[in-house]
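One structure is given here, and the rest of the page talks about it.
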Amino acid sequence: MSRVLKGDALSQFIAHFVPPQAYSLDTLIKLSFINNRICQSIQNSLRLTRISLSLGGNETTFEVFFEHRIWKCEPKSIYINIYGYNKLVLTLISMHCLTKSRDSLEASITLHPNGRTFHFLDNKVAYQLGRTIRELLPYAKIKLEAQTGYTRRTMIIGRVFCEEIASLLTSFESPATDVLSICDASNLDKLFVIRYGMFLKPKFYAPLVFQIGAKNLWCETWLYLHHFCYARFPIQPLTEKMVCGINLEVDKHKDLYPNVFNEIKESLPNLNEITMFRGRVEVDKPFRHIPRDHRYQLAIESMSWHINQIANNSHVITKLDIKFPLYRTDDAAGVGAVLEIFLPGLTEIDEEKKSAFTVKTFVFSSNYTTVKIELQKYN
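Positions in the sequence shown are counted from 1; adding 4 to them yields this note's numbering.
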């Protein structure tokens, strides 16, 4: 039949012979091995948007996300469980056959080092698997996520695997800094470091972060702006944007922010934008035995000092997101009036999409710095 049908007719035949609801990844893999004409026809009827490989955990899975060009149905995904290395290689060969005409392919790989997969993965197999991915899918743009739970053995295996696919990595996400050493890429678009160990201080492993070349550095949950003070972090010229946290409760000192931004200028010489989240003002804790109105004023005065110091010393585009708690919604007008005294030029904005807790939102701009302050109901 395939010898008689030509061009789009073959794609239509395959599409109707195997409708979207009947698709399975096993079927797709088997069809892709028939010949190049079948592969081309599948590509005409399906558009693979992303592939996802989960190594380890309770089971190893390979998932394909696609859009059906002929049936015009909603995008969907299909997956299979993989119980051996040979099955995984056959799946990768199939993906190569179905995507080899593409310029790029979005892919994601998740490593679960405490799973069964790492029981049959040794250094040699990890090297072969990484090399197979690199050779079969050289156009892939891989987002790698490494979970926690690494032992010395799995750390070495993970590093061997990552070294082979390093040239394909565009994003690396790690929920803990003890996993950073498995990644040795220098061409990342994004590096996410979500949290850090309970007892270790950032200065002990921040150098690992700065040794990985990434254009966008996300470390808002563990690296705060004041951590740069006298830090002497390694120089990383590739980083252009950084997302970190801001602690508005650190001691006020005239040399704090001048030193912070001098350090940033030295360690991240090509940085052009800083975004800071997790800025929350403490109204209760430092001023517990003071009347409420006076607490607001002291909290605003302290917060404004940090904002003005950052605005006066920052040499790059700087964005801050700050949450200011209110005891009562009626206090919003008074707090806004005091804010305008300490932050001249403050303006109120009306956001279309805002949190259910937000009463008012203000924006303050000075030099390179833009600050968004949300007045929220006290929880």
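For each residue, glycine too, the CB sits at the ideal point set by N, CA and C.
Please read all numbers here as calculations on a predicted model, not as lab measurements.
Have a look at the options and flag the residue whose alpha-carbon is nearest the alpha-carbon of residue i.
{"i": "C248", "options": "I311, Y228, A235, R236", "result": "Y228"}
{"i": "A144", "options": "V197, T155, P117, D107", "result": "D107"}
{"i": "Y89", "options": "I137, L172, V285, N39", "result": "I137"}
{"i": "G60", "options": "L302, T31, L125", "result": "L125"}
{"i": "N191", "options": "P262, L343, F214", "result": "F214"}
{"i": "K358", "options": "F346, L347, K376, A341", "result": "K376"}
{"i": "F175", "options": "R156, L195, R157", "result": "It is worth fixing the name first, because residue 175 is Ser in this sequence and not Phe. Nearest option by C-alpha distance: L195."}
{"i": "I160", "options": "K147, E139, V129, L173", "result": "V129"}
{"i": "L32", "options": "E63, S58, H100", "result": "H100"}
{"i": "L109", "options": "F70, L94, I82, K364", "result": "F70"}
{"i": "D30", "options": "S58, R54, S98, N39", "result": "S98"}
{"i": "L94", "options": "L133, R296, W222", "result": "L133"}
{"i": "A170", "options": "R157, T158, A218", "result": "A218"}
{"i": "G162", "options": "D193, N127, N40", "result": "N127"}
Where residue i and residue j are concerned, what is the direct C-alpha to C-alpha distance, given to the nearest angstrom?
{"i": "Q16", "j": "F368", "result": "The pLDDT assigned to Q16 is 49, lower than 50, so where the model puts this residue is not dependable; a value taken from the coordinates is nonetheless given after this. Spanning the two alpha carbons is a distance of roughly 58 Å."}
{"i": "C166", "j": "I42", "result": "33 Å"}
{"i": "A235", "j": "E267", "result": "7 Å"}
{"i": "T152", "j": "L35", "result": "37 Å"}
{"i": "L350", "j": "F328", "result": "15 Å"}
{"i": "S6", "j": "N48", "result": "A caution first: S6 carries a pLDDT of 45, below 50, which makes its placement in the model too unreliable to give a value."}
{"i": "W309", "j": "T333", "result": "25 Å"}
{"i": "L184", "j": "R299", "result": "42 Å"}
{"i": "G340", "j": "T114", "result": "46 Å"}
{"i": "T155", "j": "P117", "result": "8 Å"}
{"i": "Y209", "j": "A303", "result": "33 Å"}
{"i": "K256", "j": "E63", "result": "51 Å"}
{"i": "E355", "j": "V164", "result": "48 Å"}
{"i": "I326", "j": "V285", "result": "7 Å"}
{"i": "S306", "j": "F366", "result": "17 Å"}
{"i": "L173", "j": "I186", "result": "13 Å"}
{"i": "I1", "j": "V68", "result": "Outside the modelled stretch of the chain, which goes from 5 to 383, sits residue 1, for which no answer is possible."}
{"i": "T65", "j": "K245", "result": "34 Å"}
{"i": "T103", "j": "E149", "result": "23 Å"}
{"i": "R54", "j": "T158", "result": "27 Å"}
{"i": "L252", "j": "S58", "result": "40 Å"}
{"i": "I84", "j": "P142", "result": "23 Å"}
So, for residue i: in the same chain, excluding its five sequence neighbours on each side, which residues have a beta-carbon less than 7 Å away from its beta-carbon?
{"i": "F361", "result": "Q380, K381"}
{"i": "D297", "result": "none"}
{"i": "Y131", "result": "V164, E168"}
Tell me whether residue i is buried or exposed, calling it buried when 16 or more other Cβ atoms sit within 10 Å of its Cβ.
{"i": "N371", "result": "exposed"}
{"i": "N317", "result": "buried"}
{"i": "D335", "result": "buried"}
{"i": "P241", "result": "exposed"}
{"i": "K80", "result": "exposed"}
{"i": "I278", "result": "buried"}
{"i": "E378", "result": "buried"}
{"i": "F37", "result": "exposed"}
{"i": "I294", "result": "exposed"}
{"i": "K364", "result": "buried"}
{"i": "I250", "result": "buried"}
{"i": "I345", "result": "exposed"}
{"i": "S178", "result": "buried"}
{"i": "S105", "result": "exposed"}
Would you mind stating whether residue i and residue j have Cβ atoms separated by less than 8 Å?
{"i": "T243", "j": "N263", "result": "no"}
{"i": "L343", "j": "G283", "result": "no"}
{"i": "L140", "j": "L96", "result": "yes"}
{"i": "F281", "j": "E352", "result": "no"}
{"i": "N276", "j": "I321", "result": "yes"}
{"i": "K258", "j": "H319", "result": "no"}
Between residue i and chain B, is there a C-beta pair that is closer than 8 Å?
{"i": "H230", "result": "Although the question refers to chain B, the structure presented lacks it and comprises just one protein chain."}
For residue i, I'd like the list of residues in its chain whose CB is within less than 8 Å of its CB, leaving aside the five on either flank, ordered along the chain.
{"i": "P238", "result": "P211, F214, Q215, S271"}
{"i": "C233", "result": "L260, N263, V264, E267"}
{"i": "G11", "result": "Here the model assigns G11 a pLDDT of 48, short of 50, so the residue's position is not dependable, and the following value carries that caveat. Hits under 8 Å: none found."}
{"i": "G338", "result": "D297, Y300"}
{"i": "D193", "result": "T174, S175, A218, K219, N220"}
Leaving out five residues before and five after residue i in sequence, what residues of the same chain have Cβ atoms less than 6 Å from its Cβ?
{"i": "A315", "result": "S370, N371, T373"}
{"i": "S112", "result": "S56, K147"}
{"i": "L92", "result": "I86"}
{"i": "Y135", "result": "The sequence given here has Arg at residue 135, not Tyr. E168."}
{"i": "Q313", "result": "Y261"}
{"i": "E347", "result": "Before going on, a small fix: residue 347 reads as Leu here, not Glu. S308, F368, listed in sequence order."}
{"i": "W222", "result": "F196, V247"}
{"i": "V254", "result": "H230"}
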